[in-house]
Amino acid sequence: MDFRLLSELPDNLAGKFILLRADLNVPVQKGDVTDYTRIDRLKPSINFLTSRNARVIVLSHFGRPKGQPNPEYSLSFLAPVLQERWSVSVAFSKDCCGELAKEGKSSMNDGDVLLLENTRFHKGETENNPDFSKKLSQLGDYFVNDAFSAAHRAHASTVGVTQFLPAYAGCLMEAELEALNKALENPVHPVTAVVGGAKISTKLELLETLITKVDNLILGGGMANTFLKAQGHEIGKSLCENDMLETAKSILEKCESQNCKLYLPVDVVAADGFEQNSPHDVYESNKIPQNRMVLDAGQKSLGIYKGVLDGSKTLVWNGPLGAFEVEPFDSGTNDLASYAGKLTNENGLISVAGGGDTVSALEKSGSASQFSYISTAGGAFLEWLEGKTLPGVQALKR
Ligand code: AMP
């Protein structure tokens, strides 16, 4: 990798301040964190640094406070949570720069962690303002970026600070980059991509890129309906983007010319409505009745998809195969996810998934832990899959 890694830092960091960019933009309900994944995945970097006696100053954004202090978006509630999850002493500073941050810094001992207030309380953060970046950088001797999920934004705390401090990739950043690299940059072929979700329009760039990189493309979810319609099938009341029919046709043609084998459902589960246990039946994809909507893939399709996975060495997955929030229309996603998990364990399939609803869909299926890697990043994961350069990653390059 052409990044500086934590192992390249001096062995003893006593008295040294590490400015660590984390992504603590965690899901919260009524003041309680509802998913600790992002926090727990930062632990390897925290352990690495504190065990070498470093003083770790943590920077993060939280929500969208639009450049002004706003108690609703304060990170203060997280200090005790981090202390418990990371098993280190974590203090809190009411500002991420200036006198308050300097005061917090001066009370630190070796091996301590200081959490700074939301970086987005200052306009300079999202503007990537050089003066603000410089102020942040004055808090540390080294900068470590462990926030892959924020790397698609060129902000002061992800990009600007690297102008002023030697920058390193943290353990989570390293793991994300390694997994993504294995999945698409230098993958073992055949590579299969599963792309599901609601709409083509939000995944157009993704599809265009994947076509050029993968051997098989399995399309599911609401977006598959538009493709079925573009192929001349009736799709009843199903979700469909009529303004994307031509685009769908052109994607079908590109798949042919790029030798990317495209798989659409040959049978579907179609229901009366988008509700739990709505009356439903399985139909061939060319016999969808007018009064029903497609909400999942059928068994025959799943059998074909499993055969494709059997012959694959690498799998990239984004988006559910059906309306996974509404039972029983989560079955297709659950079934294929558990099959992918099994192949990962038993056949050495490299399986990487991420982006938006994908993580919750796979968590719900109970198979997420069997995948080789589940990315904690939403937008950054998608932009990376789309082949874009992520400014936060670029800024870390030697
Ligand atoms: P995305 O955020 O684009 O990955 O889309 C995820 C959403 O797509 C979930 O909320 C699913 O309920 C929805 N979805 C998947 N399949 C269908 C379908 N056949 N009809 C309607 N919505 C669907």
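Counted the way this note's numbering counts, the sequence shown spans residues 142 to 539.
All C-beta atoms, glycine included, are put in the ideal place defined by N, C-alpha and C.
Closest residue to Y214 among G208, G204, P221, V222 (Cα-Cα distance): Each of G208, G204, P221, V222 was checked against the Cα of Y214, and the nearest Cα belongs to G204.
Since G363 contacts D498 with CB under 8 Å, what's their CB separation in whole angstroms? Going by Cβ atoms, the distance from G363 to D498 rounds to 12 Å, so no, they are not a contact pair.
Could you tell me if the beta carbon of A464 falls within a distance shorter than 7 Å of some heavy atom in the ligand AMP? Yes, the ligand AMP has a heavy atom inside 7 Å of this Cβ.
Cα-Cα separation, S516 to L503: It is roughly 12 Å from the alpha-carbon of S516 to the alpha-carbon of L503.
Indicate the three-state DSSP secondary structure (helix, strand or coil) for V174 in the structure shown. Strand, per DSSP.
For the ligand AMP, is there any heavy atom lying closer than 7 Å to the beta carbon of A339? It does: the Cβ of A339 is within 7 Å (strictly closer) of some heavy atom of the ligand AMP.
Enclosing alpha helix (DSSP H) for L280 [first to last residue]: Boundaries for L280: no alpha helix (DSSP H) harbours it, and the DSSP string shows neither H nor E there.
What runs of the beta strand (DSSP E), each 3 residues or longer, lie entirely inside the stretch 281-368? DSSP runs (the beta strand (DSSP E)) wholly in the stretch 281-368: 283-286, 308-310, 332-336, 357-360.
Rounded C-alpha distance that separates S290 from Q224: Put simply, the backbone Cα of S290 is about 22 Å away from that of Q224.
Do N475 and the ligand AMP come close, with the Cβ less than 7 Å from some heavy atom? At a cut-off of 7 Å, the beta-carbon of N475 does not count as near the ligand AMP: no heavy atom of the ligand is closer than that.
For a quick check, are the C-beta atoms of N259 and P206 less than 8 Å apart? Going by C-beta atoms, N259 is nearer than 8 Å to P206.
Please find out if some non-hydrogen atom of the ligand AMP comes closer than 7 Å to the beta-carbon of N366. The answer is yes for N366.
Cα separation between S217 and D413? In a straight line, the C-alpha of S217 is about 47 Å away from that of D413.
Ordered along the chain, which non-local residues of its own chain (more than five positions away) have a Cβ less than 6 Å from that of S361? Checking the displayed sequence, the identity of residue 361 turns out to be Gly instead of Ser. So the list reads G337, A438, L462, once near-sequence residues are dropped.
In this structure, how does DSSP classify V222 when only helix, strand and coil are distinguished? V222: helix per DSSP, three-state reduction.
Range of the contiguous alpha helix (DSSP H) that encloses N488: Bounds of the alpha helix (DSSP H) holding N488 are 472-488.
One or two residues paired with R162 in a DSSP bridge: R162 pairs with L200, N286.
Ignore the nearest five residues each way along the sequence and tell me which others in A536's own chain have a CB closer than 6 Å to its CB. The residues V300, T303, in chain order, have a CB closer than 6 Å to that of A536 in the same chain once the five nearest residues on each side in sequence are set aside.
Looking at the strands, I want to know which residues DSSP matches up with H421. Answer by DSSP bridge pairing, in chain order: A412.
Return yes when the C-beta of D236 is under 7 Å from any heavy atom of the ligand AMP, and no when it is not. Taking non-hydrogen atoms of the ligand AMP into account, the C-beta of D236 is found less than 7 Å away from none of them.
May I ask which residues mark the beginning and end of the beta strand (DSSP E) holding S501? S501 -> not in any beta strand (DSSP E); alpha helix (DSSP H) instead, spanning 498-506.
Answer yes if the stretch 352-361 comes into contact with the stretch 453-468, meaning at least three C-beta pairs across the two stretches below 8 Å, and no otherwise. Put simply, the stretch 453-468 touches the stretch 352-361. At least three CB pairs are less than 8 Å apart.
Per DSSP, T260 is paired with what? Looking at the DSSP output, T260 sits in no beta bridge, so it has no partner there.
Classify F522 as helix, strand or coil using the three-state DSSP reduction. In the structure shown, F522 sits in a helix (DSSP, three-state: H, G or I).
Less than 8 Å separating the beta-carbons of E527 and L318? It is not a contact, given that the beta carbons lie outside the stated cut-off.
Out of H330, F305, K378, which has the shortest C-alpha to C-alpha gap to N432? Nearest C-alpha to N432: K378.
Measuring only from the beta carbon, is L347 closer than 7 Å to any heavy atom that is part of the ligand AMP? Not so, every heavy atom of the ligand AMP lies at least 7 Å from the Cβ.
Taking a contact to mean a Cβ-Cβ separation below 8 Å, would you say V435 touches N366 in this structure? Taking C-beta atoms as the reference points, V435 and N366 count as a pair closer than 8 Å.
Identify the continuous alpha helix (DSSP H) that holds V534 and give its terminal residues. Residues 532-535.
In whole angstroms, what separates the C-alpha of S342 from that of V335? Taking the straight line joining both Cα atoms gives about 16 Å.
From the DSSP output, which residues share a beta bridge with A494? W458, I515.
Grouping DSSP H, G and I as helix and E and B as strand, with all else coil, what is M128? Missing from the structure shown is residue 128; the chain here goes from 142 to 539 and no further.
For L219, which of R179, F368, K243, A288 has the nearest alpha-carbon? For the residues R179, F368, K243, A288, the minimum Cα distance to L219 belongs to R179.
Quick check: what's the CA-CA separation for K390 versus A371? Their Cα atoms are separated by approximately 6 Å.
Go ahead and label E315 buried or exposed: buried means 16 or more other beta carbons lie within 10 angstroms of its beta carbon, across all protein chains shown. E315 should be labelled buried.
Between the stretch 281-295 and the stretch 149-160, do three or more beta carbon pairs fall short of 8 Å? Taking one beta carbon from each stretch, the stretch 281-295 and the stretch 149-160 have 3 or more pairs nearer than 8 Å; the two touch.
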